[in-house]
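Single-structure report; data block below.
Residue numbers (our numbering): 46 to 232.
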């Protein structure tokens, strides 16, 4: 268990970014029109007592929480530990993508050439969560990131979060990790 069986200090709202059209430019890929139109689904978070917003530095993750940041009058703090898991340094053909991900999920220590295993990606994300746990006390925090990384991180708390769960996520989606280490899906 993450916190050695004591309660979490904070409640975390993990937001999977809204829809973006694929381009090879991981960092600057913007939300699509469909993605922009879907951001109203996140408006309910503006009514929560959110005290901080953290995001992957990738443009689509930042754009997903920009309206919330404006409503809540909070700055978006980027952290590179929230970037999507690196699949490989080599191009992966579309037809091989699903199979590659299934293998990565079924073998947590396996990685593709130049890529991250689930275990490596999880440790990177957990390091950030540990930091936030010591930096914030009794707060509600938004974390905007990517589907695979969020699921890999949350699988440390709930083994039911797996490849199939990841496949079922929407763009955007919201997963809440509460102080009792329970995970709830909102969208």
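Note that beta-carbon positions come from the ideal geometry of N, C-alpha and C, so glycine has one too. Since this is a predicted model, take the numbers as computed values, not measurements.
_Measuring straight from C-alpha to C-alpha, what distance separates residue 211 and residue 205?_
10 angstroms
*Compute the beta-carbon to beta-carbon distance between residue 171 and residue 145, rounded to the nearest angstrom, for a pair I have assumed lies under 8 angstroms.*
Residue 171 to residue 145, Cβ: 23 angstroms. No contact.
*Identify which residue in 193, 65, 74, 188 has its Cα closest to the Cα of residue 119.*
188
*How about residue 102 and residue 123: do their beta carbons lie closer than 8 angstroms?*
yes
_C-alpha gap between residue 179 and residue 140, whole angstroms_ = Roughly 43 angstroms between the two C-alpha positions.
*Collapsed DSSP secondary structure at residue 86 in the structure displayed*: helix
*State the Cα-Cα distance for the pair residue 135 and residue 158, rounded to the nearest angstrom.*
7 angstroms
*With a floor of 4 residues, list each alpha helix (DSSP H) that falls wholly inside the stretch 81 to 145, ordered by position along the chain.*
104 to 117
*If I'm right that residue 27 touches residue 186 with Cβ under 8 angstroms, what's the distance once you round it to whole angstroms?*
Look at the range of the chain in this structure, 46 to 232, and you will see that residue 27 is not part of it.
*Same chain, Cβ closer than 7 angstroms to residue 232, neighbours up to 5 away in sequence not counted*: 86, 215, 217, 218, 219
_Through-space distance from residue 164 to residue 176, alpha-carbon basis_ = 18 angstroms
*Cα separation between residue 191 and residue 106?*
7 angstroms
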